[in-house]
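According to my numbering, the sequence shown holds residues 94 to 272 in order.
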Amino acid sequence: MRVLLFLALALLSGCVAIYKMDMRQGNLVDQKMVDKLKPGMTKRQVTVVMGTPLVNSPFNQDRWEYLTSYSRRGRKADIKNLSLRFEGDTLAKIEGDWQPQDEDELFLQSQALRPSGDRDTDSKTLKNTKQAQDKQQGKNKAKADKVAPSQAAPDQDPASDNDQPTPPATDSAAAPGNG
């Protein structure tokens, strides 16, 4: 009797857990691929970077859809969409769940996400952070200057650059020979 009970339990225990595979369907898109996309790329260049779009409407050849579905062992599927819009043969707009990111933006985001007690405080890391912030501010200023050069003061030439770097101040106490 015990042997029969043990055999029945052993057989039933194999039926409890049903294995479900992780499933990835659609275009295999990741952030690295999206980061390579730049406005002005041709359709052929986009195809080399991203592959053939999953959805390519015959009625709208200037819109390409890349869809990715990923489900883990029976859980709800994570579905992401990337929509690329072209003007003629050149990439004009990127929409959807992925957006291209600049390396400097990624560095600043990674620094912002780290807990304050976990940040490196050595001079090299602080210098790199400051350089990335300065570079990003310069890009933002350049974008703003491109958007609105006509909003400059009427007596100021928008093409002239008044942001001349100032030479570093010298400290007379630190100069050699003073002591």
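Even for Gly, the Cβ is constructed at its ideal location relative to N, Cα and C.
Let me know if V139 comes out buried or exposed under the rule of 16 or more other beta-carbons within 10 Å of its beta-carbon.
In the sequence shown, the residue the question calls residue 139 occupies position 46. Around the C-beta of V139, 16 or more other C-beta atoms lie within 10 Å, and the residue is accordingly described as buried.
Buried or exposed, going by whether 16 or more other CB atoms sit within 10 Å of the CB of V141?
Translated into positions along the sequence shown, residue 141 becomes position 48. Its Cβ having fewer than 16 others within 10 Å, V141 is exposed.
Limits of the unbroken alpha helix (DSSP H) element including S106
Numbered from 1 along the sequence shown, position 13 holds the residue referred to as residue 106. For S106, the uninterrupted alpha helix (DSSP H) run begins and ends at 95-106, by DSSP.
Report the rounded CA-to-CA distance for Y112 versus G181, giving the unit in angstroms.
Stepping through the sequence shown from its first residue, residue 112 is reached at position 19. Stepping through the sequence shown from its first residue, residue 181 is reached at position 88. Between Y112 and G181, the C-alpha separation is close to 48 Å.
With distances taken Cα to Cα, identify the nearest neighbour of I187 among G133, R137, I172, D171.
Within the sequence shown, the letter at position 94 stands for residue 187. Nearest of G133, R137, I172, D171 to I187, Cα basis: G133.
Under the three-state reduction of DSSP, which class applies to A241: helix, strand or coil?
Within the sequence shown, residue 241 is the residue found at index 148, counting from 1. Note that A241 scores 48 on pLDDT, short of 50, meaning its location in the model is unreliable and no value can be drawn from it.
Opposite G189 in the DSSP bridges: which residues?
Stepping through the sequence shown from its first residue, residue 189 is reached at position 96. For G189, which the question treats as bridged, DSSP gives the partners L175.
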